[in-house]
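Participant: Top line first, the protein sequences correspond to chains A and B.
Using my numbering, count along the first sequence one by one with no gaps and you end on 499.
Using my numbering, count along the second sequence one by one with no gaps and you end on 386.
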Amino acid sequence: MPELRLSGIVKTFGPARALDRAALSLRGGEVHALMGENGAGKSTLIRILAGLESADSGEVTLDGALLRLGSPDLAKTAGFQFLHQENHVVPALSVAENMHLSRPYPQRFGLVHWTKLRTAAVDALGQLGASHIDARSVMGSLGAGDQMLVRIAATLLDDGDAPWAYVMDEPTAALSGAEAERLFKAIAALKATGAAILYVSHRMDEVMRLADRITVLRDGAHVATRDRAATNRDKIIRDMTGRDMTDLFPRHTATSGPPALLVRDLRAGGLGPLSFAVAEGEILGVAGLSGSGREVLLRALIGAVTRAGDLQLRGVPLAANPAGAWAQGLAYVPPERRTEGVMPRRALAETIALPHLARLSRLGFVQRRKTAGLVRRLAQDVRLKASGPDQPIAELSGGNQQKVLFARALAGDPAILLLDEPTRGVDVGAKFDIYTLIRDLAARGTAVIVASSDLPELIGLSDRIAILNAGRISQILPADGLTEAALLTACYQKES
Amino acid sequence: MASFLRHYGSLIGMAAIVVFFWIALPDTFMTLRNWLNISQQLSMLIVVAVTMTVVMVMGDFDLSVGAMASLSGVVAAVLFAQGLPVPVALAVALAVGLLGGIANGVLVSLIGILPFVATLATMTMFSGAAFLVSGGKTIFGRDIPQEFADFARSGLPLGTWGGNLVVLPALTLVAAVVTLLVWIVLEHTIYGRRLYAIGGNADAARLAGVKVAQLRLSAFAFTGMGAALAGIMYASRVASANPVQGDGLMLTAIAAVFLGMTATRDGQPNVLATVAGVVTLGVMDNGLTQLQVDSYVRQVLVGAIILLAVSISALGRRAIRLR
Ligand SMILES: Nc1ncnc2c1ncn2[C@@H]1O[C@H](COP(=O)(O)OP(=O)(O)OP(=O)(O)O)[C@@H](O)[C@H]1O
Ligand SMILES: [Mg+2]
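#1: Could you name the residues of the stretch 337 to 356 of chain A whose beta carbon sits closer than 7 Å to any beta carbon of chain B, in the order they occur along the chain?
#2: Can you pull the chain A neighbours of Asp329 of chain B, defined as C-beta to C-beta under 9 Å?
#3: For Val120 of chain B and chain A, any beta-carbon pair shorter than 8 Å?
#4: Comparing the CB of Asp242 of chain A with every heavy atom of ligand 1, is any distance shorter than 7 Å?
#5: Go through its chain and collect everything with a Cβ distance to Glu343 of chain A's Cβ below 7 Å, but skip five positions before and after it.
#6: Ligand 1 heavy atoms versus the CB of Phe16 of chain A: any closer than 7 Å?
#7: Output, in chain order, the set of chain B residues within a Cβ distance shorter than 7 Å of Val369 of chain A.
#8: Taking 8 Å as the CB-CB cut-off, is Ala290 of chain B touching chain A?
#9: Going by C-alpha to C-alpha distance, which of A:Gln88, A:Val170 and A:Gly484 sits closest to His35 of chain A?
#10: Which partner residues does Thr158 of chain A have in the DSSP bridge list?
#11: Please name the residues in the stretch 295 to 325 of chain A whose beta-carbon is closer than 9 Å to at least one beta-carbon of chain B, in chain order.
#12: Hey, Arg361 of chain B and Leu351 of chain B: beta-carbon distance below 8 Å or not?
#13: What residues from chain D crowd round Leu270 of chain B, counting only those whose CB sits closer than 8 Å?
#14: Looking at C-beta atoms only, is the number of pairs between the stretch 194 to 211 of chain A and the stretch 27 to 44 of chain A that lie closer than 8 Å three or more?
#15: Assign Phe124 of chain B to buried or exposed, taking buried as 16 or more other Cβ atoms, counted over all protein chains shown, within 10 Å of its Cβ.
#16: Does the beta-carbon distance from Ile468 of chain A to Gly288 of chain A come in below 8 Å?
#17: What does a CB cutoff of less than 7 Å around Arg384 of chain B pick up in its chain, not counting 5 residues either side in sequence?
#18: Quick one: give me the first and last residue of the beta strand (DSSP E) that Leu480 of chain A is part of.
#19: Show which residues of chain A have a CB atom less than 8 Å away from the CB atom of Tyr71 of chain B.
#20: Going straight from the alpha carbon of Leu360 of chain A to that of Ile253 of chain B, what length do you get?
#21: Could you pull out every unbroken alpha helix (DSSP H) segment of at least 4 residues lying fully inside the stretch 145 to 215 of chain A, listed in chain order?
#22: If you draw a straight line from the alpha carbon of Thr3 of chain A to that of Leu77 of chain A, how long is it in whole angstroms?
#23: DSSP on Asn472 of chain A, reduced to helix/strand/coil?
#24: Which residues of chain B have a Cβ atom closer than 8 Å to the Cβ of Ser364 of chain A, listed in chain order?
#25: Between the Cα of Ala25 of chain A and the Cα atoms of A:Leu52, A:Gly17 and A:Glu6, which residue gives the shortest distance?
#26: Mind pulling the chain A residues with CB within less than 7 Å of Ala377 of chain B?
#27: Can you list, in chain order, the residues of its chain with a C-beta nearer than 8 Å to that of Val82 of chain B? Leave out the 5 residues immediately preceding and following it.
#28: Between which two residues does the alpha helix (DSSP H) harbouring Ile317 of chain B extend?
#29: How should Leu9 of chain A be labelled, buried or exposed, when 16 other C-beta atoms within 10 angstroms of its C-beta is the threshold for buried?
#30: Report the three-state DSSP secondary structure of Pro18 of chain A (helix, strand or coil).
#31: Is there at least one non-hydrogen atom of ligand 2 closer than 7 Å to the beta-carbon of Asp172 of chain A?
#32: Let me see if you follow: with CB-CB separation under 8 Å, is Ala260 of chain B close to chain A or not?
#33: Rounded C-beta distance between Arg442 of chain A and Pro253 of chain A? I'm assuming under 8 Å.
#34: Does the beta carbon of Met64 of chain B sit closer than 8 Å to a beta carbon anywhere in chain A?
#35: Taking 8 Å as the threshold (beta carbon to beta carbon), is Ala389 of chain A in contact with chain B?
#36: For a contact meaning CB atoms closer than 7 Å, what does Pro358 of chain A contact in chain B?
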């Protein structure tokens with residue numbers, strides 16, 4: 004069995020230390036979970052292994068021999084296959100081509116061998132149990148979950164030299180439970196062939212299920228590597244955060260305010276007709292399998308897609324475009340932070356302030372002091388790890404980018420808070436902070452609608468959960484006492 | 064050191080160019096008179112480049128500004144020739160710029176044509192219109208009212224220096240006012256910050272409540288007006304108008320914005336950087352002319368220096384890869 008060892012890895016970005024003597028070992032035939040808070044340095048370590056970033060110092064050996072890294076080609080020769088955290092796809096190309104982006108296209112007579120390209124893609128998708136995805140369809144037409152499955156399948160493509168190590172940085176962050184199950188099966192199959200899997204996730208249950216060993220990083224340093232049998236959830240959290248965490252979900256506070264949002268006969272892109280109401284101070288969860296319309300619902304509410312129907316916010320008709328909706332007091336966290344949320348090269352403060360500029364200015368002039376104050380306060384509330392308000396968002400870790408989007412939605416106590424996968428990629432401790440913030444906001448009268456593929460999150464956070472099935476609400480269940488299994492069953496049931 | 068160079072390399076380069084001419088032309092280059100002269104020569108370019116920055120902030124650009132400057136110049140001149148009062152003729156010429164800009168904006172933001180294609184087409188149209196309006200001839204002499212031609216020769220007396228009266232040229236003043244205005248709008252108003260957000264990620268901006276289509280449209284209108292104003296300034300300076308006299312402004316203006324971008328910390332367009340870019344190009348032109356460098360050689364040199372600056376900044380930035 005091959006064994007990879009990284010030791011004493013240091014990586015600095017200007018004054019900031021992303022990795023501070025990080026260490027890791029990875030053996031063939033194991034699933035090794037790499038854990039740590041947002042910004043702990045997991046992705047940076049992986050990017051160094053992939054040759055996308057170079058370490059300031061440190062040593063990497065494969066079976067005792069020094070391994071030269073520094074370019075993606077070298078990493079490939081060393082037998083690594085990567086699935087990076089941020090979603091890099093070419094929306095205009097087909098699924099099959101997207102899967103071949105980082106490898107040579109199959110050729111015949113010096114031309115692309117299209118049939119072979121497609122069959123290779125179909126095979127890999129089948130191996131992942133994702134045959135419902137058409138390899139010929141255009142990548143941009145797929146939902147977030149399916150895009151992720153395509154990217155995972157791309158790592159499984161067989162192009163002759165089988166890799167021995169698969170490195171996956173938060174593969175399940177955008178997946179539903181059923182989709183994740185397919186990934187777990189594929190991982191088990193890889194492991195059985197003697198391959199190693201380095202696995203990053205903030206979902207504790209799947210780590211406890213999959214991992215043979217668990218390495219925890221904190222502030223770029225190696226804290227501990229333990230066998231799964233020798234550790235448990237609380238120990239891992241303590242290693243990660245240095246603090247104890249007991250209850251993840253804050254207590255529900257009974258609420259029955261007047262209705263904040265009334266929706267009648269909403270229709271939008273395959274969704275509806277839907278009718279429901281959300282009360283002030285209520286948290287309404289939205290569950291549904293992929294294709295159930297869950298992806299469209301919040302977009303329709305914020306007015307990002309064309310819609311029909313009668314929507315009223317506290318008795319006033321709701322604007323059908325994002326600008327009008329924000330102005331009326333809606334706030335929205337989009338599901339795809341990279342493409343829909345952040346302005347990667349611009350200062351993080353600008354992304355936070357953007358929807359609130361009208362409130363932060365006088366006579367059209369932006370008031371710098373007021374803006375800076377707001378940004379500072381919100382960054383503290385979500386415990387943002389950044390070097391300062393002017394840091395470009397692209398430099399933040401994935402989870403911290405997500406916190407920026409969440410922070411921005413909190414500003415000024417919105418009337419309605421629309422959250423689509425609000426904790427995607429956020430670490431356990433920070434999730435707790437976010438849940439508490441959502442609860443506090445609800446207690447002050449905000450109505451919250453949260454769509455999530457994370458079932459425990461939905462159950463723990465919501466007061467009621469609306470189940471979407473084929474574009475309709477099949478039932479609305481009280482979340483109290485609901486089990487994951489029951490919720491999942493409900494998702495599969497047609498209208499009762 | 065590397066990061067210092069990356070951040071300030073362009074500014075140092077610009078300063079080096081000035082120092083070079085200072086040494087090469089000890090008597091004539093670093094004089095107040097020469098600089099006032101340069102500022103007047105550059106005033107039209109500054110207006111075009113600075114208003115071009117407004118669309119470039121969103122990641123768009125406008126190829127039609129040169130043709131629009133020509134068009135507005137001949138429109139004003141033709142109206143003068145018809146005997147219309149100067150203010151009316153100027154208002155109409157500016158309105159042509161506004162309408163042309165709005166047309167660009169509609170094509171780009173409402174219909175969704177790429178700015179390159181849309182403004183390439185309108186550039187051709189504006190240029191054709193300029194020929195139509197002027198009948199293909201230069202309008203000059205008695206057709207141009209004296210007060211209009213005098214404007215470019217007038218200025219704000221600043222005092223005396225070395226026995227000569229020093230005058231800030233009126234065109235320089237106009238360029239300065241436009242620059243200040245656009246700088247304030249882009250850096251300090253909601254409007255400007257939203258344009259920058261669109262440039263950062265248009266989809267994200269829309270979902271965050273920015274009216275992307277309207278803002279894009281209005282920004283093109285802004286640029287069209289700027290081009291028209293520059294065309295009027297040009298006509299005043301040469302006391303005549305012909306259907307191609309503004310055409311050269313477009314490429315130089317875009318080059319100036321790009322040159323300026325190399326001097327900013329984040330590599331994005333910015334009004335003051337644009338002005339620095341214009342001044343660099345203008346200084347090179349002025350200095351090389353004074354050194355009696357052949358005008359074709361001058362073109363090659365200017366192009367090479369733009370490429371050099373942009374390459375250095377691109378190499379410096381390669382390190383900052385997106386994740
Ligand atoms: N290009 C960069 N410039 C400046 N700082 C950077 C850069 N890349 C990473 N960092 C910093 O390095 C630290 C580690 O980031 P990294 O992405 O490795 O975290 P992570 O453990 O993957 O977090 P997450 O769970 O949120 O994905 C962060 O504080 C981040 O801001
Ligand atoms: Mg990461």
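For every residue, glycine included, the Cβ atom is placed at its ideal position computed from N, Cα and C.
Facilitator: Taking the coordinates as given:
#1: Answer in chain order: Pro337, Thr342, Glu343, Gly344, Val345, Met346, Pro347, Arg348, Arg349 and Glu353.
#2: In the second sequence, the residue the question calls residue 329 of chain B occupies position 266. Listed along the chain, the chain A residues whose CB falls inside 9 Å of the CB of Asp329 of chain B are Arg348, Arg349, Ala350 and Pro395.
#3: Position 57 of the second sequence, counted from the start, is the residue given in the question as residue 120 of chain B. No, Val120 of chain B lies away from the interface with chain A (no Cβ there is under 8 Å from its Cβ).
#4: Stepping through the first sequence from its first residue, residue 242 of chain A is reached at position 239. Asp242 of chain A: no, Cβ never under 7 Å from ligand 1.
#5: Within the first sequence, numbered from 1, the residue matching residue 343 of chain A stands at position 340. Cβ neighbours of Glu343 of chain A within its own chain (closer than 7 Å, five residues either side excluded): Pro337.
#6: The residue labelled residue 16 of chain A in the question sits at position 13 within the first sequence. Yes, the beta carbon of Phe16 of chain A sits closer than 7 Å to at least one heavy atom of ligand 1.
#7: On the first sequence, residue 369 of chain A is found 366 positions in, with the first residue counted as 1. Simply His251, Thr252, Ile253 and Arg256.
#8: For the purposes of this step, residue 290 of chain B is taken as residue 227 along the second sequence, with counting starting at 1. No, its Cβ sits nowhere closer than 8 Å to a Cβ of chain A.
#9: Counted from its first residue, the first sequence places residue 35 of chain A at position 32. When only C-alpha atoms are compared, the closest one is A:Val170.
#10: For the purposes of this step, residue 158 of chain A is identified with residue 155 of the first sequence, where counting begins at 1. Looking at the DSSP assignment, Thr158 of chain A forms no beta bridge with any residue, so it has no partner.
#11: Within the stretch 295 to 325 of chain A, the residues whose Cβ lies closer than 9 Å to some Cβ of chain B are Arg302, Ile305, Ala307, Asn324 and Pro325, listed in chain order.
#12: Your numbering for residue 361 of chain B matches position 298 in the second sequence. Your numbering for residue 351 of chain B matches position 288 in the second sequence. Result yes, Cβ atoms of Arg361 of chain B and Leu351 of chain B sit closer than 8 Å.
#13: Judged by its chain identifiers, the structure shown contains no chain D, and its protein chains are A and B.
#14: Result yes; three or more Cβ-Cβ pairs closer than 8 Å.
#15: One-based indexing of the second sequence puts residue 124 of chain B at position 61. Classification of Phe124 of chain B: buried, given that the 10 Å Cβ count is 16 or more.
#16: Position 465 of the first sequence, counted from the start, is the residue given in the question as residue 468 of chain A. Position 285 of the first sequence, counted from the start, is the residue given in the question as residue 288 of chain A. Cβ distance < 8 Å, so Ile468 of chain A and Gly288 of chain A count as in contact.
#17: Locating residue 384 of chain B in the second sequence gives position 321, where the first residue counts as 1. Low local confidence applies: a pLDDT of 45 at Arg384 of chain B is under 50, so the model's placement there is unreliable, with the coordinate-based value given in what follows. So the list is empty, once near-sequence residues are dropped.
#18: Residue 480 of chain A sits at position 477 when you count from the first residue of the first sequence. Segment Arg475 to Pro481, the beta strand (DSSP E) holding Leu480 of chain A.
#19: Your numbering for residue 71 of chain B matches position 8 in the second sequence. For Tyr71 of chain B, no chain A residue has a C-beta closer than 8 Å to its own C-beta; the minimum C-beta separation is roughly 16 Å.
#20: Taking the first residue of the first sequence as 1, we reach residue 360 of chain A at position 357. Taking the first residue of the second sequence as 1, we reach residue 253 of chain B at position 190. Their Cα atoms are separated by approximately 6 Å.
#21: Fully enclosed alpha helix (DSSP H) runs of 4 or longer: 147 to 159, 180 to 195 and 207 to 213.
#22: Nothing can be reported for residue 3 of chain A: it is not among the residues displayed for chain A, which extend from 4 to 499.
#23: Position 469 of the first sequence holds residue 472 of chain A. DSSP places Asn472 of chain A in strand when its eight states are reduced to three.
#24: In the first sequence, counting from the first residue as 1, residue 364 of chain A sits at position 361. In chain order: Thr252 and Ile253.
#25: Locating residue 25 of chain A in the first sequence gives position 22, where the first residue counts as 1. A:Leu52 is the residue among A:Leu52, A:Gly17 and A:Glu6 whose C-alpha sits nearest the C-alpha of Ala25 of chain A.
#26: Position 314 of the second sequence, counted from the first residue, corresponds to residue 377 of chain B. Per Cβ cutoff of 7 Å: no residues; Ala377 of chain B is ~14 Å from chain A at best.
#27: By one-based count along the second sequence, residue 82 of chain B stands at place 19. Within the same chain, and ignoring the five residues on either side of Val82 of chain B in sequence, no residue has its Cβ closer than 8 Å to its Cβ.
#28: The residue you call residue 317 of chain B lines up with position 254 of the second sequence. Under the DSSP assignment, Ile317 of chain B falls in the alpha helix (DSSP H) whose first and last residues are Leu312 to Met324.
#29: The residue labelled residue 9 of chain A in the question sits at position 6 within the first sequence. Counting the other CB atoms within 10 Å of its CB gives Leu9 of chain A a total of 16 or more, which places it among the buried residues.
#30: Position 15 of the first sequence, counting from 1, holds the residue named residue 18 of chain A. The answer is coil: DSSP assigns Pro18 of chain A none of H, G, I, E or B.
#31: Working through the first sequence from its first residue, we reach residue 172 of chain A at position 169. It does: the Cβ of Asp172 of chain A is within 7 Å (strictly closer) of some heavy atom of ligand 2.
#32: On the second sequence, residue 260 of chain B is found 197 positions in, with the first residue counted as 1. Yes, contact with chain A.
#33: Here residue 442 of chain A refers to the residue found at position 439 of the first sequence. Here residue 253 of chain A refers to the residue found at position 250 of the first sequence. Rounded, the Cβ-Cβ distance is 4 Å, consistent with contact.
#34: Counting from 1 along the second sequence, the entry for residue 64 of chain B is found at position 1. Its pLDDT being 49, under 50, Met64 of chain B is placed unreliably by the model, and the measurement read from it follows with that caveat. For Met64 of chain B, the answer is no, since every Cβ of chain A falls outside 8 Å of its Cβ.
#35: Within the first sequence, residue 389 of chain A is the residue found at index 386, counting from 1. Not one beta carbon of chain B lies nearer than 8 Å to the beta carbon of Ala389 of chain A.
#36: As a first step, residue 358 of chain A must be located in the first sequence, where it is residue number 355. Listed along chain B, the residues sitting closer than 7 Å to Pro358 of chain A by beta-carbon distance are Ala271 and Gly272.
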